Each structure stands twice: as structure tokens, then as C-alpha cells.
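To keep things clear, I will list the structure first and then write my remarks on it.
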Amino acid sequence: MGKPYRPKDHYFQKAKQEGLRARSAFKVDEILKRFPTSVKKGAAVLDLGAAPGGFLQILADAVGMHGRVVGVDIVAIRPFSQKWVSTAVLDVLADDFDAKLTAMYDGPYDAVISDMAPKTSGIKGTDEARSLRLAGKALEVAAARGKPGGTFVAKVFMGGDFEAFRDEVRQHFEEVKIVRPEATRGASMEVYVVGLRRRAPAAAS
Ligand SMILES: C[S@@+](CC[C@H](N)C(=O)[O-])C[C@H]1O[C@@H](n2cnc3c(N)ncnc32)[C@H](O)[C@@H]1O
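Position 199 (the sequence shown) corresponds to 289 in my numbering; numbering is contiguous.
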């Protein structure tokens, strides 16, 4: 049986002690440590579903002052003092998303990361489908704006068309890993699909 869901667990307390905006910061930290070449100093990174900004804190440090981090969410993100981090309220599924993102920073990005999660309905199939829709949009963005050799990370609820999504990521990235970080809550069905070394567009099939 999985670990029980405890809202104020070890990672919640640890995040508070370390001044992190969300416990999820530990998830991206673990992913970056596992794949150290995925986000380097000076990199440009797009963080989709970035509020309240836990991932952004880790990413801002990972890329440093010569890098660029863009974070968007449907919910406002408290501004960052680091000049290389910019945020905006954007809905990735809105018709004007691509134009608004281009206006913020035209890319290309070394890494496109999505921690987006839908509002859950409690109906498993519906929640899985909504999660995959968001991850699918993130992949579309990575395919359009990611640099060859770059990285993709997207949170997905397991189930439904998960395998078809993983296969789609394989078409664009040389290596695909499925990661369930330590900080993931016990009962959660979420995993991160990590795509490494984006294929050059002409080579993607
Ligand atoms: C788990 S939270 C992200 C936590 C974040 N990674 C952090 O470390 O602070 C998931 C986020 O996805 C966002 N989200 C859901 N649907 C979205 C959409 N259509 N466009 C942009 N963001 C979306 C939610 O508003 C929510 O803030």
C-alpha cells in the first residue's frame, strides 16, 4: 500500500524551512540531479503551470544569472527578484497562448517543463484525460520551441492514453524516462515523463 496522504508531511515542513514556495520544488530538484545535463547554467527554460513558483526557484538557481526562466500559469505568480525570471498569467489551452508566450520570450528553449495539473473532478478517466491534454500541449510547445538536444519534462496522471503519450514523446526525444520523485505523495498517480536530447525536427517521425 502507498504512503498515506498527509498534507503537512516531511516535504511540506522541509519546504517551509528552506523558504521554498511549494514542496514540489523537491521534485524538480530530484529530476535535475538525476539528469544533470538537462538544465545547464545559462540555459533558457520554460515552466508551464508554474504557480506558486517552487519549480521556478530551483530552475532560477540552476540556470543562473546568464540564463532565462519563463514561468506561466492561469494563477498569478508572486514576482521574482531575479531579473532572469519572468512570469505571466497565461492559459496554455487558450487560443492566444502562443502569441502571448512569443511576446514574453521568443525562445528557443533548452528545456520545456510542465507541472500542470487539471482541477480534479474525482472521476478517474476524466482527470487522466485532462492531465494528458495539458501534457500534450506541453509537448506541442516543446516540439515548436525546444532546441535540438534539449529536454522535456511533463507531469502526467498514469492511466488512460499514457502509453500513447510516452510513445509520442519518443518520436521527438532520443531517450524517454518515467520518473516518480521521492517527494510525490504516496497515493498520487502522477509521474513525470522526461524526454532527453530532442531530435532535430527533420529527424522526428
Ligand atoms: C501542481 S501545480 C504547479 C506547482 C508548481 N510547479 C510549483 O512548483 O510551484 C499545477 C499548476 O497547473 C496550473 N494549470 C492548470 N491548468 C493550466 C492551464 N491550462 N494553463 C496554465 N497553467 C495551468 C494550475 O493553475 C496549477 O498552479
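Ideal Cβ positions, reconstructed from N, Cα and C, are used throughout, including at glycine. These figures come from a predicted structure and were not determined experimentally.
Apart from the 5 residues on each side of it in sequence, glycine 215 sits with its Cβ closer than 7 Å to the Cβ of Gly250 in its chain, given in chain order.
Taking the Cβ atoms as the reference, glycine 139 lies roughly 17 Å from serine 211, outside the contact range of under 8 Å. Isoleucine 203: not part of any alpha helix (DSSP H); member of the beta strand (DSSP E) spanning 199 to 204, first to last residue.
Note on the stretch 181 to 250: whole alpha helix (DSSP H) runs with a minimum of 4 residues are 187 to 194 and 214 to 235, in chain order.
Counting only residues of its own chain and dropping the five nearest sequence neighbours on each side, methionine 279 has a CB closer than 6 Å to the CB of Phe247 and Met248. Inclusion of proline 142 in the 7 Å shell around ligand 1 follows from its C-beta lying nearer than that to a non-hydrogen atom of the ligand.
When DSSP assignments are scanned along the stretch 97 to 176, the uninterrupted stretches of alpha helix (DSSP H) that are 4 or more residues long and fall wholly within it turn out to be 100 to 107, 115 to 124 and 144 to 153. A distance criterion of 7 Å places the beta-carbon of arginine 111 in contact range of ligand 1, judged by its closest non-hydrogen atom. For the 8 Å CB-CB criterion, isoleucine 164 and valine 153 do not form a contact. Distance from the C-beta of isoleucine 121 to the nearest heavy atom of ligand 1 is not below 7 Å. Secondary structure of arginine 260 (DSSP, three-state): helix. Glutamate 272 sits in coil when the DSSP states are folded into three classes, being neither helix nor strand. Bridge partners of alanine 178 according to DSSP: Val162. Here the alpha carbon of lysine 106 sits roughly 45 Å from the alpha carbon of alanine 292.
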